[in-house]
Every structure is written in C-alpha cells, then in structure tokens.
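In the working numbering, the protein residues as written are 17 to 96.
Quick reminder that beta carbons are idealized off the backbone N, C-alpha and C, glycines included.
Computed from a prediction, not measured in an experiment: that's the story for all the values here.
A short write-up of the structure that comes next.
Right, dumping it as structure tokens:
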C-alpha cells in the first residue's frame, strides 16, 4: 500500500553497513517481462555509520501512493 511502510531486516550474518536503498517498479512496467534496472526508481535511502547493523532493524519508507496493481519493491543492503 502507498504511504509510510515499515521494512524489517533479519540478518543471518551481520556485516558492517554503509546504507540501504529502496526501489519500486515504475508506472507502466510489464510484469510479464524480466526485470531490469531500468524498471525501478528509488523511493528511499537510509544511511548507516559503517558499524554492524543490528538484527531486526526496521526502516520506515514512504511508498508512492500513485501506484495501482502489482508492483515490486527492491531493497538493497550496502555492506561497508
């Protein structure tokens, strides 16, 4: 759903972390085609201080409210 959403990370092997990026598929993407980088647009970045990220860490990310139908949210964890 659009608006503020909470995403929680559960790590099996915590690492030093620089940031997390969140992306959503663009309007008009075709779910019948393989996903490419061009299908995504950024919706949020959360910076970290380079230390190991704690387990069960949550981020609040605003998901666009102008989407309908099926969309994919991609979260990327950048280790330091």
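Three or more C-beta pairs closer than 8 Å, one from the region 68-87 and one from the region 40-56: is that the case here?
yes
Straight-line Cα distance separating residue 54 from residue 75
24 Å
Return the chain-ordered list of same chain residues with a C-beta closer than 6 Å to the C-beta of residue 93, the five sequence neighbours on each side being excluded.
36
Under DSSP, the beta strand (DSSP E) around residue 65 begins and ends at which residues?
Note, residue 65: premise wrong, no beta strand (DSSP E); not H, not E.
From residue 31 to residue 70, what distance separates their C-alpha atoms?
9 Å
Per DSSP, which residues does residue 19 bridge with? Please list them.
79
For the beta strand (DSSP E) that contains residue 92, what are its first and last residues?
89-95
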